[in-house]
Amino acid sequence: MADTRLSDHVRNACLLAAALAALPLLRLTPLWLAALLVATGVIAALTSRKRPWPMLLRLLLTIALSALVVIASDFRFGRDTACALLLAMLALKVAEVRSLRDARSLAGFALFATFAAFLQDQGPITLALALPALAFTLDAFAQLAGAQHSGTDNPPLQSRLRSAGGRLALALPLALAGFWLFPRMGTPIWGVPENAVSKTGISGRMSPGDWLDVLSDDSPAFRVRFAGAEPPRRQLYWRGPVLWNFDGRTWLPERRLRSADPAQLIAGDQRYQYELTMEPTEKRYLFALDWPLQTPENGRMAADLSPYANEPIRSLSRYTLSASSNALVEPELSRYHRQLALSLPQGFNPRTRALAAQWRREGATDSQMIERALAWINTDFNYDLAAPPLGRNSVDEFLYDTRTGFCEHFSSSFVFLLRAAGVPARVVTGYVGGYRNPIGEYWVIQQSDAHAWAEVWLPQRGWVRVDPTAAVDPARVFERYGRGSGIGSFGGALAPMLNVSDWLRRGWNDLVLSYDAARQQLVLRAMGIKPEQSWQGIAVFVVVALLMLAVTLLWLARQQSQPLPPVLRAWRRMVQRFERAGLARTRHEPALHYGERAARRWPSIATQIRSLSQRFSNWRYAQATLTPDVTQTLARDLDRMRPPRHASSNSGEAP
Numbered sequence: 051m052a053d054t055r056l057s058d059h060v061r062n063a064c065l066l067a068a069a070l071a072a073l074p075l076l077r078l079t080p081l082w083l084a085a086l087l088v089a090t091g092v093i094a095a096l097t098s099r100k101r102p103w104p105m106l107l108r109l110l111l112t113i114a115l116s117a118l119v120v121i122a123s124d125f126r127f128g129r130d131t132a133c134a135l136l137l138a139m140l141a142l143k144v145a146e147v148r149s150l151r152d153a154r155s156l157a158g159f160a161l162f163a164t165f166a167a168f169l170q171d172q173g174p175i176t177l178a179l180a181l182p183a184l185a186f187t188l189d190a191f192a193q194l195a196g197a198q199h200s201g202t203d204n205p206p207l208q209s210r211l212r213s214a215g216g217r218l219a220l221a222l223p224l225a226l227a228g229f230w231l232f233p234r235m236g237t238p239i240w241g242v243p244e245n246a247v248s249k250t251g252i253s254g255r256m257s258p259g260d261w262l263d264v265l266s267d268d269s270p271a272f273r274v275r276f277a278g279a280e281p282p283r284r285q286l287y288w289r290g291p292v293l294w295n296f297d298g299r300t301w302l303p304e305r306r307l308r309s310a311d312p313a314q315l316i317a318g319d320q321r322y323q324y325e326l327t328m329e330p331t332e333k334r335y336l337f338a339l340d341w342p343l344q345t346p347e348n349g350r351m352a353a354d355l356s357p358y359a360n361e362p363i364r365s366l367s368r369y370t371l372s373a374s375s376n377a378l379v380e381p382e383l384s385r386y387h388r389q390l391a392l393s394l395p396q397g398f399n400p401r402t403r404a405l406a407a408q409w410r411r412e413g414a415t416d417s418q419m420i421e422r423a424l425a426w427i428n429t430d431f432n433y434d435l436a437a438p439p440l441g442r443n444s445v446d447e448f449l450y451d452t453r454t455g456f457c458e459h460f461s462s463s464f465v466f467l468l469r470a471a472g473v474p475a476r477v478v479t480g481y482v483g484g485y486r487n488p489i490g491e492y493w494v495i496q497q498s499d500a501h502a503w504a505e506v507w508l509p510q511r512g513w514v515r516v517d518p519t520a521a522v523d524p525a526r527v528f529e530r531y532g533r534g535s536g537i538g539s540f541g542g543a544l545a546p547m548l549n550v551s552d553w554l555r556r557g558w559n560d561l562v563l564s565y566d567a568a569r570q571q572l573v574l575r576a577m578g579i580k581p582e583q584s585w586q587g588i589a590v591f592v593v594v595a596l597l598m599l600a601v602t603l604l605w606l607a608r609q610q611s612q613p614l615p616p617v618l619r620a621w622r623r624m625v626q627r628f629e630r631a632g633l634a635r636t637r638h639e640p641a642l643h644y645g646e647r648a649a650r651r652w653p654s655i656a657t658q659i660r661s662l663s664q665r666f667s668n669w670r671y672a673q674a675t676l677t678p679d680v681t682q683t684l685a686r687d688l689d690r691m692r693p694p695r696h697a698s699s700n701s702g703e704a705p
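To convert a position in the sequence shown, counted from 1, into our numbering, add 50.
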């Protein structure tokens with residue numbers, strides 16, 4: 051059958067499906083790129099209805115949008131880049147919707163985009179946006195199937211969505227059974243590339259100004275629930291990469307320490323047990339409350355007690371950990387660690403070196419060096435994220451010229467000053483504080499809680515945490531972090547709503563995203579199934595699937611066994627009479643189209659047939675607007691309609 055032009059209502063249905071399908075991906079796309087793609091799609095929908103865009107214009111836009119997507123991805127190709135390119139193609143495809151074939155392509159794009167969003171995010175918001183997109187896309191396919199027969203019937207939106215929702219409802223039980231029971235792989239799906247765009251978060255290196263993006267990001271980094279007592283807020287230092295090496299501007303970890311045994315740690319009496327659920331980062335860095343007492347599962351502890359995962363964290367990960375806030379760490383400093391903790395690059399920051407030498411000449415001990423440095427910072431420095439850029443001698447310029455910065459500047463300069471004075475010191479990166487959600491009683495640590503502090507080694511005390519940023523304003527560290535534009539920043543009416551939202555997200559994480567192969571084995575064991583005997587799990591899944599199929603078939607049979615309305619029975623009887631007279635009706639032929647063929651076949655009753663088919667179509671798809679008397683009259687008129695016995699047929703109508 052030749053392809054036909056689209057009616058407006060079918061085109062609009064496809065455009066609506068495409069718009070809804072784009073929403074889950076748009077929220078995961080950089081704001082400027084998402085706005086550009088939305089504008090492109092809207093302009094294409096409005097301007098191409100009557101006149102298609104020229105081929106050259108579409109080609110140039112395709113090249114331009116593809117280039118912008120690649121630029122937004124920092125010229126890296128992966129999952130995020132592919133999803134953004136899919137969005138761009140979806141926006142441009144709108145300009146080509148002129149025929150049924152074009153509309154089917156657009157609906158196919160929409161269906162694929164709906165599922166592609168789950169490659170980036172599996173949260174409840176993505177699911178909530180994807181379900182209506184899927185329903186409207188199925189409705190668009192249904193309308194395209196009807197239009198394929200050149201029909202003009204346009205069922206009400208409510209009826210069409212009810213049909214699409216019914217299909218989804220029938221598939222839901224089988225999908226749930228597959229989710230809970232079907233054997234799961236312990237590793238991600240092969241062939242799915244990593245994100246092309248790195249996620250915001252601590253990167254394992256630190257230079258002045260590097261963390262501005264992190265400190266302005268209020269997305270969750272991880273969530274923590276304590277088992278029993280909780281430490282005071284001022285002890286919530288979440289330890290991450292420890293930075294030893296300094297090249298004059300950038301601090302880096304000492305990678306050889308990752309494979310060494312953890313430093314000696316003597317736990318104190320203040321101990322805490324907790325469960326940490328970490329968001330995907332595509333990195334190996336883990337975070338643990340100071341001081342960590344155990345090695346994370348599927349991870350390791352470096353010699354400097356910085357935790358690492360064995361593999362990059364590509365999915366939600368959960369760890370059960372413990373900590374001691376008053377532990378004694380490495381009471382005897384090894385020669386190698388001392389050498390690392392005192393090393394400085396030559397030719398940088400001469401004024402800071404001179405200050406350290408002066409304080410030493412004045413007889414300052416290690417502890418007094420720390421006290422003098424903190425006192426100086428407390429009186430003459432300002433905390434501000436809008437810190438001016440620094441040059442080659444970044445520590446000198448910060449301590450003597452700008453005196454304005456944030457944790458990167460304070461920790462870097464403090465450690466440099468102490469090393470110049472011969473005091474072993476290192477930079478520790480991680481997070482500080484957090485926001486306690488009263489609903490669920492757990493802590494939310496956001497990316498904006500990222501922090502850097504110092505650790506100083508002192509005789510008889512081992513490594514001691516010193517936070518020079520807190521010396522500027524102690525309250526600011528714990529009130530600013532976790533109080534950006536996220537959960538903790540809202541007071542009044544919005545705070546409870548955001549608390550509930552994050553609590554629901556955490557529940558979704560626990561119930562759905564954390565359901566891995568290990569948890570499935572626990573569920574199967576509770577059902578009396580041995581996970582090592584995989585055939586048992588498959589057998590259970592097959593039985594459940596067959597039961598679901600049986601229930602579905604029974605429901606369909608019951609629907610079909612219900613008595614038909616009198617008008618529909620009368621219509622079918624009339625069609626049977628017409629078919630016996632030689633006018634066959636295809637299975638999915640709309641009423642108006644069949645009535646028009648009958649009118650051309652029998653011109654003597656053409657007016658009556660057109661009227662009846664129009665009245666029947668109105669009843670079929672707008673029953674609420676017809677009274678019982680009208681429907682009874684319609685059924686009676688349909689029963690009275692008979693094809694002429696000796697009527698001449700139109701030469702253009704096949705029997």
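Even for Gly, the Cβ is constructed at its ideal location relative to N, Cα and C.
Please name the residue in Ala648, Leu662, Leu181, Leu467 whose C-alpha comes closest to that of Met419.
Per the Cα distances, Leu467.
Quick one: measure Cβ to Cβ for Val147 and Ala153, integer angstroms, because I've assumed they're closer than 8 Å.
Contact holds; Cβ gap of about 5 Å.
Element boundaries [beta strand (DSSP E), containing Gly480]
In this chain, the beta strand (DSSP E) harbouring Gly480 covers 475-482.
Report yes if the C-beta distance between Leu508 and Ser417 is below 9 Å; otherwise report no.
Cβ distance < 9 Å, so Leu508 and Ser417 count as in contact.
Three Cβ pairs or more, each shorter than 8 Å: is that satisfied between the region 457-475 and the region 419-438?
Cβ pair count under 8 Å is three or more, so yes.
Relative to the C-alpha of Ala470, which residue among Phe398, Arg515, Met328 is closest?
Taking each of Phe398, Arg515, Met328 in turn and checking the Cα distance to Ala470, the smallest one comes out for Phe398.
Close Cβ partners of Thr164 (< 6 Å) along its chain, the five nearest in sequence each way excluded
Closer than 6 Å at the Cβ level, and outside the excluded window around Thr164, lie Ala71, Ala180, Ala183, Leu184.
Short Cβ contact (9 Å threshold) for Leu142 with Leu111
Their beta carbons are under 9 Å apart, which means Leu142 touches Leu111 by this criterion.
Does Tyr386 pass the burial test, meaning 16 or more other C-beta atoms within 10 Å, or should it be called exposed?
Per the 10 Å Cβ criterion, exposed.
Got a sec: is the Cβ-Cβ distance from Thr345 to anything in chain D below 9 Å?
Structure shown: chain D not included; a single protein chain is present.
Element boundaries [beta strand (DSSP E), containing Tyr369]
Taken as a continuous stretch (DSSP letters only), the beta strand (DSSP E) holding Tyr369 covers 367-374.
Pairwise C-alpha distance: Thr79 and Tyr324
Approximately 34 Å between the Cα atoms of the pair.
Going by DSSP, what residue range makes up the beta strand (DSSP E) through Trp341?
Unbroken run through Trp341: none, as it is neither H nor E.
Between the beta-carbon of Arg273 and the beta-carbon of Trp493, is there less than 9 Å?
Going by C-beta atoms, Arg273 is nearer than 9 Å to Trp493.
Run through DSSP, which three-state label would Pro613 get?
In the structure shown, Pro613 sits in coil (DSSP, three-state: anything other than H, G, I, E or B).
Could you check if Val477 is buried or exposed, using at least 16 other CB atoms within 10 Å of its CB as the buried criterion?
That one is buried.
Please give the ranges of any beta strand (DSSP E) in the region 144-198, keeping only runs that are unbroken, at least 3 residues long and fully inside the region.
For the region 144-198, not a single whole beta strand (DSSP E) run of length 3 or above is found.
Using only the alpha-carbon positions, how far apart do Ala117 and Pro104 sit?
Straight-line Cα distance between these residues: approximately 20 Å.
What's the C-alpha gap between Gln344 and Pro474?
Computed Cα separation, rounded: 25 Å.
For Asn717, does the three-state DSSP call read helix, strand or coil?
Any answer about residue 717 is impossible in this case: the structure gives the chain only from 51 up to 705.
Along the chain, where does the alpha helix (DSSP H) that runs through Pro678 open and close?
First-last of the alpha helix (DSSP H) with Pro678: 678-690.
What residue ranges within the region 382-410 form continuous alpha helix (DSSP H) runs of no fewer than 4 residues, ordered along the chain?
Unbroken alpha helix (DSSP H) runs of no fewer than 4 residues, entirely contained in the region 382-410, are found at 385-392, following chain order.
Between the Cα of Leu383 and those of Val506, Ala656, Gln496, spot the shortest distance and give me the residue it belongs to.
Residue Val506 is the option with its Cα nearest to Leu383.
Indicate whether the contact test is met: 3 or more Cβ pairs, each with one atom in the region 258-270 and one in the region 483-500, closer than 8 Å.
Yes, the region 258-270 touches the region 483-500.
Mind checking which residues open and close the beta strand (DSSP E) that includes Leu65?
It is not in any beta strand (DSSP E) - Leu65 instead sits in the alpha helix (DSSP H) that spans 58-76.
Does the beta-carbon of Pro518 have 16 or more other beta-carbons within 10 angstroms, so that it is buried, or is it exposed?
Answer is buried; the Cβ neighbour count reaches 16.
When you compare each of Arg630, Gln658, Ser663 to Leu642 by their alpha carbons, which one comes out closest?
Closest option to Leu642, judged by alpha-carbon separation, among Arg630, Gln658, Ser663: Ser663.
Which residues bound the beta strand (DSSP E) around Gln418?
It is not in any beta strand (DSSP E) - Gln418 instead sits in the alpha helix (DSSP H) that spans 416-430.
Report the three-state DSSP secondary structure of Gly91 (helix, strand or coil).
Here Gly91 sits in helix by DSSP.
For Gln664, which three-state DSSP category applies?
In the structure shown, Gln664 sits in a helix (DSSP, three-state: H, G or I).
Enumerate in chain order the residues of its own chain whose CB-to-CB distance from Ala685 is below 7 Å, with the five nearest sequence positions on each side excluded.
Counting only Cβ-Cβ distances below 7 Å, and skipping sequence neighbours, we find Pro616, Val617, Ala620.
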